[in-house]
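Residue numbers (the numbering used here): 2 to 228. Cβ atoms here follow ideal geometry from the backbone N, Cα and C, with glycine treated the same way. See structure below.
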């Protein structure tokens, strides 16, 4: 009984061996069962969201425009030489002592000739063509040089009156002797009209003649205006 069982078992084992060899020699690949891959552990990192901070906008400072200060210019106390009440000149100082002139200089203006004669004692030193006021606006009489201003300003017409010699007051205004007036653009007013009554009351000379008289005359020099 045992022998029979042993024989049967051996036969069965031989059968399995034959089957295994057949499988190896048949060329069929033996399937490989995938092995479970163990998941790799990883760390969870808490990332902070970056905060965007805008750069400040730089506003340029405004460039300051330099203030130009005009150079001072000599200005007359006379506003205008037209004897009208529309314009106001500084008040006269009536308390001042009168000017006493003892020299030999003397200025004569002849309205009828439109001419000026300049004397030093008995000697005629200058003879100038002149222009007096239109419509007899220049006053006749004996006067004297009251003041000297290198370049007087007439605000009414915006003109400059070089070599100003003030000679008399017409109400609150002052008339004088001066060169041909200059306009703001540098043009000469009344150029070419010397020798004819053209002014508003002043005695007008050429530029060179007025400068010569200005340098020669003193405050207090007598001025005689006549027909």
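Distance between residue j and residue i (C-alpha atoms, nearest Å)
{"i": "residue 136", "j": "residue 178", "result": "18 Å"}
{"i": "residue 228", "j": "residue 112", "result": "5 Å"}
{"i": "residue 172", "j": "residue 213", "result": "29 Å"}
{"i": "residue 74", "j": "residue 151", "result": "Interpretation of residue 74 is limited by its pLDDT of 34, a score under 50 that renders its predicted location unreliable; the figure taken from the coordinates is listed afterwards. The alpha-carbon atoms of residue 74 and residue 151 are separated by roughly 10 Å."}
{"i": "residue 197", "j": "residue 134", "result": "9 Å"}
{"i": "residue 220", "j": "residue 186", "result": "31 Å"}
{"i": "residue 147", "j": "residue 130", "result": "22 Å"}
{"i": "residue 209", "j": "residue 119", "result": "15 Å"}
{"i": "residue 216", "j": "residue 116", "result": "19 Å"}
{"i": "residue 128", "j": "residue 204", "result": "14 Å"}
{"i": "residue 211", "j": "residue 166", "result": "9 Å"}
{"i": "residue 149", "j": "residue 218", "result": "9 Å"}
{"i": "residue 158", "j": "residue 207", "result": "20 Å"}
{"i": "residue 153", "j": "residue 180", "result": "10 Å"}
{"i": "residue 193", "j": "residue 164", "result": "19 Å"}
{"i": "residue 188", "j": "residue 168", "result": "26 Å"}
6 Å CB neighbourhood of residue i in its chain, flanking five on each side removed
{"i": "residue 225", "result": "109, 143"}
{"i": "residue 107", "result": "120, 223"}
{"i": "residue 28", "result": "In this prediction, residue 28 has a pLDDT of 49, which is less than 50 and means its spatial position is unreliable; what the coordinates show is noted afterwards. Contacts found: none."}
Close Cβ partners of residue i (< 7 Å) along its chain, the five nearest in sequence each way excluded
{"i": "residue 184", "result": "160, 190"}
{"i": "residue 105", "result": "121, 122"}
Pick from the options that is closest to residue i, judged by C-alpha positions
{"i": "residue 140", "options": "127, 174, 125", "result": "174"}
{"i": "residue 114", "options": "153, 166, 195", "result": "195"}
Continuous beta strand (DSSP E) stretch holding residue i: start and end
{"i": "residue 148", "result": "148–155"}
{"i": "residue 143", "result": "142–145"}
{"i": "residue 164", "result": "160–171"}
Nonlocal neighbours in the same chain, by C-beta distance under 8 Å from residue i, ignoring five residues either side
{"i": "residue 200", "result": "82, 132, 133, 134, 135, 138, 139, 191"}
{"i": "residue 125", "result": "118, 119"}
The ligand GDP heavy atom lying under 8 Å from the CB of residue i
{"i": "residue 142", "result": "Absence of the ligand GDP from the depicted structure is noted, as is the absence of any ligand whatsoever, leaving it without description."}
Enumerate, from N- to C-terminal direction, the unbroken alpha helix (DSSP H) stretches of 4 or more residues contained entirely within the stretch 180–226. Listed in chain order, the alpha helix (DSSP H) runs fully inside the stretch 180–226 are 208–217, counting runs of at least 4 residues.
Complete alpha helix (DSSP H) runs within the stretch 104–133 (minimum length 4 residues, chain order): Segments of the alpha helix (DSSP H) lying fully in the stretch 104–133: there are none.
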